[in-house]
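J.: My structure is below; once you've seen it, I'll send some questions.
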Amino acid sequence: MPQQPLIGLTTFLATAQWGEWDLPAAVLPAAYASCVHAAGGRAVLLPPDAPEAAADVVGRLDAIVLTGGEDVDPALYGAAPHPRTGPPVRERDAWEQAVLAAGLARDIPVLGVCRGMQLMNVHAGGTLIQHLPDRVGHHGHNPYRGHFCAHAVTTVAGTRTGALLPGTREVATHHHQAVDRLGAGLTVAARAADGTVEAIESTRHRFAVGVQWHPEMGVDMPLVQALVAAAAFSADIDEASAAGRKERTTRSSPEGIFPTQVS
């Protein structure tokens, strides 16, 4: 039986309470790990660390999920902070940029969720809308604090996301920022009805997808299943390489789950 692929999930650093304790902790909503497990992967948490450790950590993984969370520091894309932008979390930003860079350098699968998608865009030289209601004139992407809401997104035909989630569907959303100028080597893979970019993909990597919504909430498992399938494919390649075989893998990339690169 083949080993299950190891999926790294980035985490928050926050003060948390459990039992009689109230201490700094590396935390992440359990839904992230649960959806990876349900798709056949093994989840490992990646709390912020020194950026120079990222290559070593990522070298042991088969895929990465850049999770949601705090606003990305606008200094990273050359902007002054908007009054509604949250305080910068520079330790997390630096760590996740290093993790992303190491993952892309290895060309292992990457999925960015909400903040993770925004970080992917910034890493590629793009910018963000710091307070989306200023641009779209409504609060439909984040109407209630501490709650996900549903709105429709339409995927772009010919993209990986479009192949996995064709047409228009409701997704779980909670964000007040969004992609503005698209980074180099990225393409738009979904939009909301108001034009907001809801998914992006790399045109330079086998599987590097960002979604503005939250697939871990169980509304679109094909996306997480595709990540895990792509991770298993990457693990086979690494195993074959380590064994010195000319045949790179014995497992073919599953059609419809891990679509071929779209340029």
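Be aware that the sequence shown starts at 118, since it is given in this note's numbering, and climbs by one per residue. Even for Gly, the Cβ is constructed at its ideal location relative to N, Cα and C.
(1) Can you list, in chain order, the residues of its chain whose CB lies under 6 Å from that of A259, leaving out five sequence neighbours each side?
(2) To the nearest whole angstrom, what separates the beta carbons of A309 and I317, a pair I think is in contact under 8 Å?
(3) The beta strand (DSSP E) spanning Q134 covers which residue range?
(4) If R232 and G185 are in contact, beta carbons under 8 Å, what's the gap, nearest whole angstrom?
(5) By Cβ distance, which residues of its chain are closer than 7 Å to D190, with the 5 residues on each side in sequence left out?
(6) How many angstroms separate the CA atom of T202 from the CA atom of A143?
(7) Within 10 Å of its beta-carbon, does E287 have 16 or more other beta-carbons around it, so buried, or fewer, so exposed?
(8) Closer than 8 Å is the cut-off here; do at least three beta carbon pairs connect the region 328-341 with the region 145-152?
(9) Could you tell me which residues DSSP pairs with E208 in its beta bridges?
(10) Cβ atoms of G157 and D179: under 9 Å apart, would you say?
(11) For A307, which three-state DSSP category applies?
(12) Give the straight-line distance between the Cα atoms of I246 and V296, rounded to the nearest whole angstrom.
(13) Using the Cβ count rule (16 or more neighbours within 10 Å means buried), how would you classify E137?
(14) Which residues in the same chain have their Cβ closer than 7 Å to the Cβ of V253, if we skip the five residues on either side of it in sequence?
(15) Assuming contact is defined by CB atoms lying nearer than 9 Å, are D251 and H199 in contact in what I supplied?
(16) Count the other CB atoms within 10 Å of the CB of T132; is the residue buried (16 or more) or exposed (fewer)?
(17) For R298, I'd like the list of residues in its chain whose CB is within less than 6 Å of its CB, leaving aside the five on either flank, ordered along the chain.
(18) Going by the CB atoms, is the gap between T272 and L183 shorter than 9 Å?
(19) To the nearest angstrom, how far is it from the Cα of A325 to the Cα of P226?
(20) Out of E187, C266, L193 and R177, state which residue places its alpha-carbon closest to the alpha-carbon of G220.
T.: Let me spell this out:
(1) Within the sequence shown, the letter at position 142 stands for residue 259. A small fix is needed here, since residue 259 is Asn in this sequence, not Ala. Excluding sequence neighbours, N259 sits near H291, H292 and H293.
(2) By 1-based counting over the sequence shown, the position of residue 309 is 192. By 1-based counting over the sequence shown, the position of residue 317 is 200. Cβ-Cβ separation between A309 and I317: approximately 13 Å, too far for a contact (criterion under 8 Å).
(3) The sequence position of residue 134 within the sequence shown is 17, counting from 1. Taken as a continuous stretch (DSSP letters only), the beta strand (DSSP E) holding Q134 covers F129 to W135.
(4) Along the sequence shown, one-based indexing puts residue 232 at 115. Along the sequence shown, one-based indexing puts residue 185 at 68. The Cβ separation is near 5 Å, so the contact holds.
(5) Numbered from its first residue, the sequence shown carries residue 190 at position 73. Answer for D190: P205, R207 and D210, listed in chain order.
(6) For the purposes of this step, residue 202 is taken as the residue at position 85 of the sequence shown. For the purposes of this step, residue 143 is taken as the residue at position 26 of the sequence shown. Rounded to the nearest angstrom, the two C-alpha atoms are 23 Å apart.
(7) Residue mapping note: residue 287 aligns to position 170 of the sequence shown, counting from 1. The C-beta of E287 has fewer than 16 other C-beta atoms within 10 Å across all chains shown, which makes the residue exposed.
(8) Two segments are said to touch when three or more pairs of C-beta atoms, one from each, lie closer than 8 Å; by this definition the region 328-341 touches the region 145-152.
(9) The residue labelled residue 208 in the question sits at position 91 within the sequence shown. DSSP, once it has assigned bridges, lists no residue as partnering E208.
(10) Here residue 179 refers to the residue found at position 62 when the sequence shown is read from its first residue. Here residue 157 refers to the residue found at position 40 when the sequence shown is read from its first residue. In this structure, G157 does not lie closer than 9 Å to D179 by Cβ.
(11) To locate residue 307, count along the sequence shown from 1; it is residue 190. In this structure, A307 counts as strand in the three-state DSSP scheme.
(12) Counting from one through the sequence shown, the residue named residue 246 turns up at place 129. Counting from one through the sequence shown, the residue named residue 296 turns up at place 179. Rounded to the nearest whole angstrom, the CA to CA distance from I246 to V296 is 6 Å.
(13) Translated into positions along the sequence shown, residue 137 becomes position 20. That one is exposed.
(14) As a working note, residue 253 is residue 136 in the sequence shown. So the list reads D311 and T313, once near-sequence residues are dropped.
(15) Counting from 1 along the sequence shown, the entry for residue 251 is found at position 134. Counting from 1 along the sequence shown, the entry for residue 199 is found at position 82. Yes; because the gap between Cβ atoms is below 9 Å, this pair is in contact.
(16) As a first step, residue 132 is located in the sequence shown; it is residue number 15 there, counting from the start. The residue in question, T132, is exposed, as its Cβ has fewer than 16 Cβ neighbours within 10 Å.
(17) Here residue 298 corresponds to residue number 181 of the sequence shown, with the count starting at 1. Answer for R298: G243 and T244, listed in chain order.
(18) The sequence position of residue 183 within the sequence shown is 66, counting from 1. The sequence position of residue 272 within the sequence shown is 155, counting from 1. In this structure, T272 does not lie closer than 9 Å to L183 by Cβ.
(19) The residue labelled residue 325 in the question sits at position 208 within the sequence shown. The residue labelled residue 226 in the question sits at position 109 within the sequence shown. Taking the straight line from one Cα to the other gives about 6 Å.
(20) Sequence index remark: in the sequence shown, residue 220 carries index 103 (1-based). For G220, the nearest C-alpha among the options comes from R177.
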